[in-house]
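Sequential numbering of the sequence shown, starting at 3, is according to the working numbering.
We treat Cβ as the ideally placed atom computed from N, Cα and C, and that holds for glycine.
Accompanying notes for the structure given below.
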Amino acid sequence: MQIGYVGLGKMGLNMTKRLFKKGYDVVSYDKNKSALVEAMREGSLVAKSPENLVSRLNEPRCVWLMVPSQNVDDALEHLYKSLSPDDTIIDGSNSFYLDSIKRAKAFSEKGINFLDVGVSGGPNGALNGSALFVGGDLEAFLKYEKLFKDLAKDDCYFHAGKSGAGHFYKMVHNGIEYGMMQAIADGFSVIHASDFGNNMEQVTRAFNGGVIESKLIRDLGKVYQKFGPYLNGVSDKVDSKGTAEWAVKTAKELGVDVPVIEAAVKFRKKSPTQPSYSGKVLTALRYIFGGHLYK
Numbered sequence: 003m004q005i006g007y008v009g010l011g012k013m014g015l016n017m018t019k020r021l022f023k024k025g026y027d028v029v030s031y032d033k034n035k036s037a038l039v040e041a042m043r044e045g046s047l048v049a050k051s052p053e054n055l056v057s058r059l060n061e062p063r064c065v066w067l068m069v070p071s072q073n074v075d076d077a078l079e080h081l082y083k084s085l086s087p088d089d090t091i092i093d094g095s096n097s098f099y100l101d102s103i104k105r106a107k108a109f110s111e112k113g114i115n116f117l118d119v120g121v122s123g124g125p126n127g128a129l130n131g132s133a134l135f136v137g138g139d140l141e142a143f144l145k146y147e148k149l150f151k152d153l154a155k156d157d158c159y160f161h162a163g164k165s166g167a168g169h170f171y172k173m174v175h176n177g178i179e180y181g182m183m184q185a186i187a188d189g190f191s192v193i194h195a196s197d198f199g200n201n202m203e204q205v206t207r208a209f210n211g212g213v214i215e216s217k218l219i220r221d222l223g224k225v226y227q228k229f230g231p232y233l234n235g236v237s238d239k240v241d242s243k244g245t246a247e248w249a250v251k252t253a254k255e256l257g258v259d260v261p262v263i264e265a266a267v268k269f270r271k272k273s274p275t276q277p278s279y280s281g282k283v284l285t286a287l288r289y290i291f292g293g294h295l296y297k
C-alpha cells in the first residue's frame with residue numbers, strides 16, 4: 003500500500019518508520035528538513051511540498067496528516083487544492099471534533115473522503131503500536147482498515163462513528179488522562195511531603211502491583227529513575243492547552259458535570275504562578291510518555 007504523510011514530528015516520523023517496516027511505500031513531507039533526511043534514511047520518499055507529495059502518489063491517493071492542531075487548516079488548504087475525487091485525507095492530529103465535522107463536509111463536497119483519527123500512545127506508541135479511534139464514512143474506514151490495524155497495538159482500533167467521532171473520543175480520552183495524571187501527581191506530592199518518601203521509584207513498583215496499576219504509574223517509575231525523588235531540573239509549569247479544555251467545555255454544553263477533569267485543567271492553568279511538586283510530576287510524566295519539554 004502507498005501512503006503520503008504530511009507532518010514528521012514526534013508522532014508522524016515514528017508512524018512512517020512503523021509503516022515502512024510493514025512494507026508500505028511512504029512519501030513524506032515536513033517543513034523541517036532534518037526530519038525529511040531522517041525519513042529518507044528509513045526508506046521513505048520525500049516531497050518538496052504538500053502539492054509535490056500529492057503528485058507523487060498513485061490514484062486514488064491516501065494522505066495522513068500529522069501536524070499540530072493549530073496548523074491543520076493551513077495544511078488542509080494545500081491538500082484540498084491538490085487532491086481529487088475518491089482520494090482520502092486522514093487527520094490524525096488533535097483537532098477539535100466540531101472542526102473535523104466541518105472539514106469533512108467541505109472535503110465531501112469535492113468527493114474526497116475525510117477520516118478523523120484520534121491517536122493515543124505518544125511517540126513510543128507511534129513506533130510500536132497506538133490506539134486509534136476513527137471517525138468518518140464507514141466505507142472509507144473499511145477501505146483503509148488494514149492501515150489502521152497495522153498502526154494499532156493489539157487491534158486497539160475501531161470505527162468510532164460518523165465524522166468527528168474519532169476526535170471526540172480522543173478529546174474525552176485526554177480529559178480522562180488529565181484527571182488520572184492529576185490524582186497520581188497529588189498522591190505522590192503527599193508522599194514527597196511526608197517522612198516516608200525516601201524511595202519513590204520503589205513505591206511506583208509496589209503501587210503498580212495493586213488496583214491503580216497503569217501505564218502512568220509505570221511511566222512515573224521511569225521519571226524517578228531519570229530525575230530522582232526531588233525531580234531536580236523539572237519545571238512545575240504545566241501546559242494546559244488543548245483537548246482537555248475542549249472536554250470540559252463540551253461536557254458543560256451536554257449538561258454533564260466533570261469536576262475531576264475540570265479541576266485538573268484549572269490546576270495546570272494556575273501552575274505558572276503556583277509552584278508545586280504536583281506540577282513537577284505532571285511535567286515529568288508528559289516528558290516520559292509524550293516527549294514534551296520538561297524544563
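So, using beta-carbon positions, are residue i and residue j closer together than 8 Å?
i: Ser176; j: Ala249; result: A small fix is needed here, since residue 176 is Asn in this sequence, not Ser. For Asn176 and Ala249, yes; Cβs fall inside 8 Å.
i: Leu134; j: Arg20; result: no
i: Glu61; j: Ser30; result: no
i: Ala41; j: Leu15; result: yes
i: Ser57; j: His169; result: no
i: Ser2; j: Pro70; result: With the chain represented from 3 up to 297, any question about residue 2 goes unanswered, as that position is not in the structure.
i: Ile103; j: Leu67; result: no
i: Lys282; j: Asp238; result: yes
i: Phe209; j: Ile219; result: yes
i: Tyr226; j: Thr206; result: yes
i: Leu1; j: Ala195; result: Because the chain is modelled from 3 through 297, residue 1 falls outside the range shown and cannot be assessed.
i: Val236; j: Tyr296; result: yes
Could you please give the first and the last residue of the uninterrupted beta strand (DSSP E) stretch that includes residue i?
i: Gln4; result: 4 to 8
i: Val28; result: 27 to 31
i: Ser97; result: It is not in any beta strand (DSSP E) - Ser97 carries neither H nor E in the DSSP assignment.
Using DSSP bridges, identify the partner residues of residue i.
i: Ile92; result: Trp66, Leu117
i: Val48; result: Ser30
i: Ala154; result: Ser132
i: His161; result: Val136
i: Ser273; result: In the DSSP output, where bridge partners are listed per residue, Ser273 has none listed.
Please look up how many angstroms separate the CB atoms of residue i and residue j, rounded, as I've assumed it's under 8 Å.
i: Asp241; j: Ser165; result: Rounded, the Cβ-Cβ distance is 28 Å, inconsistent with contact.
i: Met3; j: Lys148; result: 7 Å
i: Val262; j: Ala246; result: That pair is no contact at about 11 Å.
i: Pro125; j: Met13; result: 6 Å
i: Gly138; j: Phe160; result: About 13 Å separates the two Cβ atoms, so there is no contact after all.
i: Ala154; j: Gly131; result: 6 Å
i: Gly6; j: Leu55; result: 5 Å
At a cut-off of 7 Å, is residue i close to the ligand HEM when judged by its beta-carbon and the heavy atoms of the ligand?
i: Gly6; result: Of ligands this structure carries none, so the ligand HEM is not represented either.
For the alpha helix (DSSP H) containing residue i, list its first residue and its last residue.
i: Ser57; result: 52 to 57
i: Ser132; result: It is not in any alpha helix (DSSP H) - Ser132 instead sits in the beta strand (DSSP E) that spans 132 to 137.
i: Glu79; result: 74 to 84
Query - Entirely enclosed alpha helix (DSSP H) segments - the stretch 201 to 244, minimum 4 residues - result: 202 to 209, 217 to 229
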